[in-house]
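Taking the numbering used here, the leading residue of the sequence shown gets 9, the next gets one more, and so forth.
Working notes, structure below.
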Amino acid sequence: MAQLGGNPSTQGIRLDLKTTTSVFEPGNLSVSCIRVETSNIASPPKPLLIVTPTIQGTYPVLLFLHGFELRNTFYTQLLQLISSHGFIVVAPQLYGLLPPSGIQEIKSAAAVTNWLSSGLQSVLPENVKPDLLKLALSGHSRGGKTAFALALGYADTSLNFSALLGLDPVGGLSKCCQTVPKILTYVPHSFNLAIPVCVIGTGLGDEPRNCLTCPCAPDGVNHVEFFSECKPPCSHFVTAEYGHLDMLDDHLSGCIGAISGYICKSGKGPRDPMRRCVGGLFVAFLKAYLEGQSGDFKAIVDEPDLAPVKLDPVEFIEA
């Protein structure tokens, strides 16, 4: 494994700054945010926020799982950026105030996945079609761990995932206090995954906000270990100067939104560069592994300074 600032496998790629940085800006497609409730038997098993292009076309689908105690709507700005590059994003609200057991959360995510085949088309704009043969799975924080567990087969799905992204995934309070199911083995490359994986971590996630709080992404159960246990092809990007919740929207509603600003250590400055960086990494990875357009992804691996925030380390292991 190499830390990359110039990966030999990507040498020789011509870096067109307009092309390689465009993933960090909104794409050319207008998007719409659709709320879908669980109102009848044909409805999804969980409330959904769907962010979709409105222009006629067939688009890959990204299932995005929210973090611990967070609302799916807190990620709206991030998901809009991703969708504007040609992706339908489905973000379920997996639970309300009290989180269920980890196993039940995974089953809920599986139920949403299974609904996509029969229900997603009916709630999309006219002439917008989902390509469920290009289905990616992702999640943030506890939702990142849930995404990994679902991809590892802890619940059955009728659809196959083609790629997996973990956004600052968290597996528990500490190495000896993992949440159930305990998927981290502490054996390198032990995850039984046959799909490409991208892990995005935060440099401040393992630091407490103050002496009264715990780290939101503690050492031993955070992005470092998740990446270590992935098999190639896998990639690891760390936003060195930002924290665990810095990719959320600027203005968060409700009590949970108000409290969230006092839980995790945050980076200095506005959140917009962090959101654009995370969104761009999602887009570049999805383009590479769902659509075979790897130029942006390889360029960022070779030249991390193309990103709007500092990425350190950047690691990539080819298959």
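Even for Gly, the Cβ is constructed at its ideal location relative to N, Cα and C.
Since this is a predicted model, take the numbers as computed values, not measurements.
Check                                                                                                                                                       : Outcome
Please state if the CB of residue 38 and the CB of residue 62 are separated by a distance shorter than 7 Å.                                                 : yes
What separation, rounded to the nearest whole angstrom, lies between the Cα atoms of residue 155 and residue 266?                                           : 26 Å
Compare the beta carbon distance of residue 319 and residue 82 with 7 Å and say whether it is the shorter of the two.                                       : no
Whole angstroms is fine: what's the gap from residue 218's alpha carbon to residue 317's?                                                                   : 24 Å
Could you tell me which whole beta strand (DSSP E) segments of length 3 or greater appear in the segment 232 to 298?                                        : 242 to 247
What does DSSP give as the partner residue(s) for residue 146 in the beta ladder?                                                                           : 72, 173
Grab me the residues of residue 138's own chain with a C-beta within less than 6 Å of its C-beta, minus the 5 sequence neighbours each way, in chain order. : 69, 96, 128
Need the endpoints of the beta strand (DSSP E) that residue 209 sits in, please.                                                                            : 205 to 210
What would DSSP say about residue 8, mapped onto helix, strand or coil?                                                                                     : No answer is possible for residue 8: the residues shown for the chain start at 9 and end at 327.
Just checking my contact of residue 272 with residue 300 at CB under 8 Å: how many whole Å lie between their CB atoms?                                      : In fact, because the Cβ distance is near 36 Å, the residues do not count as touching under 8 Å.
Out of 58, 268, 49, state which residue places its alpha-carbon closest to the alpha-carbon of residue 40.                                                  : 58
For residue 105 and residue 136, I'd like the C-alpha separation in whole angstroms.                                                                        : 33 Å
Quick check on this structure: which residue in 325, 165, 214 has the alpha carbon closest to the alpha carbon of residue 222?                              : 214
To which residues of the same chain is residue 116 closer than 8 Å at the C-beta, ignoring the five residues directly before and after it?                  : 53, 54, 100, 102, 103, 108
Among 230, 281, 80, 123, whose alpha-carbon lies nearest the alpha-carbon of residue 6?                                                                     : The requested residue 6 does not occur in the structure, where the chain is confined to residues 9 to 327.
Among residues of its own chain, excluding the 5 on either side of residue 148, which ones have a beta-carbon nearer than 6 Å to its beta-carbon?           : 75, 175
Check for me: the beta strand (DSSP E) holding residue 326 runs from which residue to which?                                                                : Here residue 326 belongs to no beta strand (DSSP E), and DSSP marks it neither H nor E.
Measure from the alpha carbon of residue 143 to the alpha carbon of each residue in 163, 177, 295, then state which is nearest.                             : 295
What is the DSSP secondary structure of residue 321, reduced to helix, strand or coil?                                                                      : strand
In the DSSP assignment, find the beta strand (DSSP E) that holds residue 180 and state where it starts and stops.                                           : 180 to 182
Between residue 132 and residue 182, what straight-line distance do the alpha-carbon atoms span, to the nearest angstrom?                                   : 41 Å
Looking at the strands, I want to know which residues DSSP matches up with residue 219.                                                                     : Answer is none; residue 219 lacks a bridge partner.
Closest by CA to residue 113, which one among 189, 259, 285?                                                                                                : 189
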